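Here the protein sequences come in this chain order: A and B. The numbers in this note's numbering rise by one with no breaks, and the one at position 270 of the first sequence is 382. The numbers in this note's numbering rise by one with no breaks, and the one at position 82 of the second sequence is 746.
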Amino acid sequence: MVAKYLLFLGCAIPYRVSALEVSSRKILEKLGVELVEMPEFNCCGLPLDPVSHETMLLLAARNLAIAEQKGLNILTFCPGCAGTLKKVRKTLKEDKALRDGINRQLKETDLEFKGTVDAKHLIQVLIEDVGLERIAQSVVNPLTKVRVAEHNGCHILRPSSFIGFDDPEDPKTLKTLVEVTGATCLDYMDETECCGAPSVGVNDKVALQLARDKLSHIKAVDAQALITICPFCHIMYDTNELRIERTFNETYGIPILHYSQLLGLAMGLSPAELAFNELRVNASKLLEHL
Amino acid sequence: MAECKEKETNKPTKLDPQFKYQISKMHGGEKLMRCFQCGTCTSDCPVARFSDTYRPRQIIRMAQLGMKDKVLSSDTLWLCAACFTCTDRCPQDVEVANVIRVLRNLAAEEGYIPQVFKEQFDSILESGYAYKIPELRLKKRETSGLPPLPKGNQQKIKKTLSEVHLFKDKQKEGQ
């Protein structure tokens, strides 16, 4: 066994992005990372931060305190959850007054935040715990004919003073992880730009324009697929690509893959095992290149 | 978002000179007064690129000047995508996205809350999850070979959030 983590699934993944969970669990099993299920669940708190910072702090601290009781670090497949738990961990460790206030409330359910466990996103575990060498060894079907673009999204990188992972202005980790599958990872304009998902429902026009902007930059470099690591970014591109094509009278036809699906293919897992049937944008053309 | 419509008025804007101090006392709003209006936040903001109204620099200035009612009742406050590009690049380390979040929290206290947040709060209190997971999804987990979803402990979540002022009436209803 390489590492053992408490899996924090979050809300978006079981709600509508199960392909991310299915494929991530499969690759982690192959790489020797053991996952323990959360004994009980509540949201990381991020969705409520805009209306109540206190609610977010309490929900996040509760999860961290539960993980502390289990004595395990947290692994998430969602950068939003990982980022929130990281931020709250750092904030509460550094601010005693705030920590005391949160702990007074956590005590109501016999919990206490001490700050002894960390939270990591899947790609952080892959690069830091598993390591490139071990991942390279797991590749039995190098994807040498495949050219893709990657999209990190925001919360895996920013705010950098809290997250402290990779270079937010020129991130390299995901690119490296893509290239270890044998695929070519293309550079394109505005790689670190937001997908627009948080603006859906507030102003759909702005959100769609952001997603369209990214898709057009990816099309310009002739990428065969876009690789994401976040359930919200994935929903934003995969669900809206057809809508963007209709709205702006353009054609993209770019399948949106979870990184775990790409690595899974390179590990020799079948598209069915990696839940490719859940993708809205058809990936069959890409699969012909394997 | 109907409840957040900006109120057009011919009266001169009311100013609250205490507003900036109120913000500066809140977690994340401490560095509001450092802003010298360079505009890095707006020029790097992905939302501002495609929106005709959202300008983080302007919101910060209005907050500094005490335009409380105008800022808190404004629709544009809810456009920030929380990408934290402004926070990362601000030369004065204002933590712009956090100031925007503080302003949203204050707007929520004044009753300007988009409906979606009420729904998510209720869902978390009820199940632990921010969205209501459809029954079909839960059944599909079994056939996909996924373990059952961890359940939320309704009673413990309610206890944890019992001192939160927001949606207080709703919580009492649920207890």
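Using N, Cα and C, we set each Cβ at its ideal position, and we do this for glycine too. Computed from a prediction, not measured in an experiment: that's the story for all the values here.
- When Cβ pairs closer than 8 Å are counted between the two stretches, the stretch 277-290 of chain A is seen to touch the stretch 255-265 of chain A, the count reaching three or more.
- Selection A:230, A:313, A:306 and A:341 evaluated against residue 325 (chain A) yields A:306 as nearest (Cα-Cα).
- Among the bridge pairs identified by DSSP, residue 259 (chain A) is matched with A:296.
- Rounded to whole angstroms, residue 190 (chain A) and residue 362 (chain A) show a C-alpha spacing of 30 Å.
- Annotation for residue 797 (chain B): 791 and 813 place their beta carbon closer than 8 Å to its own, counting only its chain and skipping 5 residues before and after.
- Taken in chain order, the complete alpha helix (DSSP H) segments of 4 residues or longer contained in the stretch 273-358 of chain A are 285-291, 316-332 and 343-346.
- Not flagged as an interface residue toward chain B: residue 365 (chain A), since no C-beta distance is shorter than 7 Å.
- In the structure shown, residue 145 (chain A) adopts extended strand secondary structure according to DSSP, grouped into three states.
- For residue 797 (chain B), the neighbours in chain A by C-beta distance under 7 Å run, in chain order, 126 and 127.
- Residue contact with chain A for residue 779 (chain B): absent (no Cβ-Cβ distance below 7 Å to any residue of chain A).
- For the set A:368, A:385, A:158 and A:148, the Cα lying nearest the Cα of residue 353 (chain A) is the one of A:368.
- Residue 150 (chain A) reaches chain B at 814, counting residues in chain order whose Cβ is nearer than 9 Å.
- If you ignore the 5 residues before and after residue 730 (chain B), its C-beta comes within less than 6 Å of the C-beta of 679, 680, 681 and 683, all in its own chain and listed in chain order.
- For residue 776 (chain B), there is no enclosing alpha helix (DSSP H), since its DSSP letter is neither H nor E.
- Residue 120 (chain A) is bridged by DSSP to A:188.
- A residue is called buried once 16 or more other Cβ atoms fall within 10 Å of its Cβ, and residue 736 (chain B) is buried on that count.
- The count of Cβ pairs closer than 8 Å, one atom from the stretch 135-150 of chain A and one from the stretch 197-216 of chain A, stays below three, leaving the stretches out of contact.
- For the set A:276, A:290, A:186 and A:320, the Cα lying nearest the Cα of residue 256 (chain A) is the one of A:290.
- Residue 178 (chain A) and residue 233 (chain A) have their C-alpha atoms spaced approximately 18 Å apart.
- Under the three-state reduction of DSSP output, residue 177 (chain A) falls in the helix class.
- For residue 343 (chain A) and residue 124 (chain A), the gap between their C-alpha atoms comes out near 7 Å.
- Looking at the backbone, the Cα of residue 399 (chain A) and that of residue 392 (chain A) are separated by about 15 Å.
- Burial is judged here by how many other beta carbons sit within 10 angstroms of a residue's own beta carbon; residue 164 (chain A) has at least 16 and is buried.
- Taking a Cβ-Cβ threshold of 8 Å, the residues of chain B close to residue 167 (chain A) are 785, 825, 828 and 830, in chain order.
- When only Cα atoms are considered, residue 146 (chain A) and residue 133 (chain A) end up about 14 Å apart.
- Scanning the stretch 733-798 of chain B from its first residue to its last, the whole alpha helix (DSSP H) runs of 4-plus residues come out as 749-753, 760-773 and 779-791.
- Of the residues assessed, residue 355 (chain A) falls on the exposed side of the cut-off, its CB having fewer than 16 other CB atoms within 10 angstroms.
- In the DSSP assignment, residue 208 (chain A) falls within the unbroken alpha helix (DSSP H) covering 208-218.
- For residue 268 (chain A), the three-state secondary structure derived from DSSP is coil.
- Counting only residues of its own chain and dropping the five nearest sequence neighbours on each side, residue 371 (chain A) has a CB closer than 6 Å to the CB of 339 and 341.
- For the stretch 704-721 of chain B, the residues whose beta carbon sits under 7 Å from a beta carbon of chain A are, in order, 710, 711, 714 and 715.
- When DSSP reads this structure, residue 115 (chain A) sits in a beta bridge with A:145.
- Under the 10 Å beta carbon count, residue 384 (chain A) is surrounded by fewer than 16 other beta carbons and is classified as exposed.
- Within the stretch 801-812 of chain B, 801, 802, 804, 805, 808, 809, 810, 811 and 812 place their CB atoms closer than 9 Å to a CB of chain A, listed in sequence order.
- The C-beta of residue 327 (chain A) comes no closer than 7 Å to any C-beta of chain B.
- When C-beta distances to chain B are compared with 7 Å, the residues of the stretch 244-278 of chain A below that value are 266, 270, 271 and 272, in chain order.
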